[in-house]
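Asks:
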Amino acid sequence: MPELPEVETMARDLHKRVRGRTVVGVTVHKPDVLRGATPRKLQRVLVGRRIVRVWRRAKLAVIDFDSGARVAVQPRFTGSFVVERSGRGADQYCTLHLALDDGRRLHYRDVRRLGTFQLFTPKEFEAYVSKLGPEPLEAGFTGDWLYELLQRSIRPVKPLIMDQHRLAGVGNIYASEALWRAKIDPSRSARTVSRKEAELLRDAIVSVLGESIELRGTTIRDYAEGAFADKLDAYNRAGEPCRRCGTRIVLTHAIDGRATYFCPRCQR
DNA sequence: AATCGTTCCTGATAGC
DNA sequence: TGCTATCAGGAACGAT
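When you number the first sequence by numbering that gives the first Met the number 0, it's gap-free, plus one each residue, and the end is 267.
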């Protein structure tokens with residue numbers, strides 16, 4: 000399930016492969032992944048346009064075109080990109096593709112189709128991203144800023160740091176990991192987190208995301224890239240010993256109905 | 001304004 | 001063996 004490190008990896012890889020290419024055709028097989036455009040409109044807006052950059056914001060892979068148009072892809076669970084020479088490498092899960100001027104095709108592939116492929120004008124894109132929280136790997140994300148955010152909410156700290164409108168890019172895996180590193184119980188009301196703990200949590204979020212990007216993300220279930228799965232301390236380790244204290248890691252669904260992994264002894 | 005419940009989708013898995 | 005039921009999960013949306 001792609002979160003910030005996985006989408007960063009997807010965007011960097013795609014940038015290297017398609018930057019500078021011009022779209023010569025658009026084919027949509029599964030229109031339900033489209034947002035903001037019909038297949039006809041997508042074709043009208045993108046054909047003849049050159050891809051100038053592929054980058055990431057929050058958990059979105061963003062494709063910039065020379066006209067200023069942008070496509071934001073939300074892979075959610077099973078979305079991915081496939082770039083191939085016409086004919087080979089595509090399957091029934093490829094929902095749409097952009098034909099490129101060098102004969103290759105850029106496919107958006109999505110088994111469950113909970114992901115989205117959204118066309119924006121520059122103004123629409125700006126309005127959308129302005130509602131997202133800050134990027135945790137950029138300068139504004141400090142311990143003081145996080146402390147102030149946590150102070151304003153009575154919600155459990157884990158869903159709060161996963162709220163994309165508060166902080167961008169952190170999902171279920173890295174929330175569990177960061178809280179384990181910071182020794183904070185995921186169910187604690189956000190406002191009970193001290194300034195010192197907020198500083199530790201900030202550092203944990205930055206370090207876990209950075210280390211995962213270096214390993215190209217976490218391969219678990221749907222997302223099939225990256226070696227960070229071996230480095231997980233909490234997520235997906237139910238019943239296994241905590242690497243700090245040896246206590247068995249607990250899996251609970253009591254917080255927002257989401258799988259949450261934590262050490263009941265050293266996370267307080 | 002903040003928070004909560006519902007919905008989208010299909011492969012993998014469990015249970016009979 | 002082959003069927004059915006259950007589960008996973010991010011975020012938009014409507015309701016409170």
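Just so you know, even glycine gets a beta-carbon here, dropped at the ideal spot from N, CA and C.
Predicted, not measured: the structure shown is a model, and the values here were computed from it.
Can you tell which of S206, D65 and S186 has its C-alpha closest to the C-alpha of T21?
Replies: Of the candidates S206, D65 and S186, the one whose C-alpha sits nearest the C-alpha of T21 is D65.
Asks: Look at the alpha carbon of D232 and the alpha carbon of K29, and state the distance between them as a whole number of angstroms.
Replies: So the two alpha carbons sit approximately 38 Å from each other.
Asks: Out of G256, I254, P263 and D184, state which residue places its alpha-carbon closest to the alpha-carbon of A237.
Replies: Ranking G256, I254, P263 and D184 by Cα distance to A237 puts P263 first.
Asks: Is I183 closer than 8 Å to E198 when the C-beta atoms are compared?
Replies: For E198 and I183, no; Cβs fall outside 8 Å.
Asks: Using alpha carbons as the reference points, say which of L148, M161 and R165 lies closest to I172.
Replies: Of the candidates L148, M161 and R165, the one whose C-alpha sits nearest the C-alpha of I172 is M161.
Asks: Buried or exposed for I153, going by 16 or more other Cβ atoms inside 10 Å?
Replies: Under this definition I153 is an exposed residue.
Asks: Excluding the 5 residues preceding and the 5 following V17 in the sequence, name in chain order all residues of the same chain whose CB lies nearer than 6 Å to its CB.
Replies: Taken in chain order, the residues that qualify are I50 and L105.
Asks: Give a yes or no on contact between the region 123-137 and the region 37-48, applying the rule of three or more CB pairs nearer than 8 Å.
Replies: Contact fails: fewer than three Cβ-Cβ distances are below 8 Å.
Asks: Rounded to a whole number of angstroms, what is the C-alpha to C-alpha distance between G37 and P135?
Replies: With the sequence shown as reference, residue 37 is identified as Thr, and Gly is not the correct amino acid for it. Straight-line Cα distance between these residues: approximately 34 Å.
Asks: Residues in its own chain within less than 8 Å of E176 by CB, not counting five upstream and five downstream?
Replies: So the qualifying residues of the chain are A203, V207, L231, D232, A233 and Y234.
Asks: Taking the CB atoms as reference points, tell me whether L95 and Q73 lie closer together than 8 Å.
Replies: No, these two residues do not count as a Cβ contact at 8 Å.
Asks: Which stretch, first to last residue, makes up the beta strand (DSSP E) that contains E83?
Replies: Unbroken beta strand (DSSP E) run through E83: G78 to R84.
Asks: Does the beta-carbon of P4 have 16 or more other beta-carbons within 10 angstroms, so that it is buried, or is it exposed?
Replies: Under this definition P4 is a buried residue.
Asks: Counting only the same chain and skipping the five closest in sequence on each side, list residues whose C-beta sits under 6 Å from that of V110.
Replies: These residues qualify, in order along the chain: T77 and Y92.
Asks: If you run the structure through DSSP and keep just helix, strand and coil, what is G268?
Replies: Outside the displayed span of the chain (0 to 267) sits residue 268, for which this structure offers no information.
Asks: For A167 versus G209, is the C-beta distance shorter than 8 Å?
Replies: No.
Asks: Are V32 and F116 touching if we call contact CB-CB under 8 Å?
Replies: Yes, they are a contact pair.
Asks: May I ask you to report which of helix, strand or coil DSSP gives G67?
Replies: In this structure, G67 counts as coil in the three-state DSSP scheme.
Asks: Quick one: complete beta strand (DSSP E) runs, 3+ long, within the region 107-163?
Replies: Correct list: 115-119.
Asks: Check Q42 in the structure and name its three-state DSSP category.
Replies: In the structure shown, Q42 sits in a helix (DSSP, three-state: H, G or I).
Asks: Would you decide whether S79 is buried or exposed? Buried here means 16 or more other CB atoms lie within 10 Å of its CB.
Replies: So S79 counts as buried.
Asks: If you reduce the DSSP assignment to three classes, tell me which class S206 lands in.
Replies: It is helical.
Asks: For the beta strand (DSSP E) holding I50, just list the boundary residues, first then last.
Replies: I50 to R56 is the extent of the beta strand (DSSP E) around I50.
Asks: Excluding the 5 residues flanking W54 on each side, which residues of the same chain have their C-beta closer than 6 Å to its C-beta?
Replies: The residues are A10 and V61.
Asks: Helix, strand or coil: how does DSSP classify R34 here?
Replies: Note: R34 maps to strand in three-state DSSP.
Asks: Closest to Y107 by CA distance: which of A89, V249 and E147 is it?
Replies: It is A89.
Asks: Let's see if you can read the secondary structure: which residues bound the alpha helix (DSSP H) around Y173?
Replies: Start and end: N171 to R180.
Asks: When we look at the beta-carbon of G100 and count the other beta-carbons within 10 Å, is it buried (16 or more) or exposed?
Replies: For the record, residue 100 in the displayed sequence is Asp; it is not Gly. Exposed, by the Cβ-count rule.
Asks: Give me the DSSP bridge partner(s) of P4.
Replies: Answer is none; P4 lacks a bridge partner.
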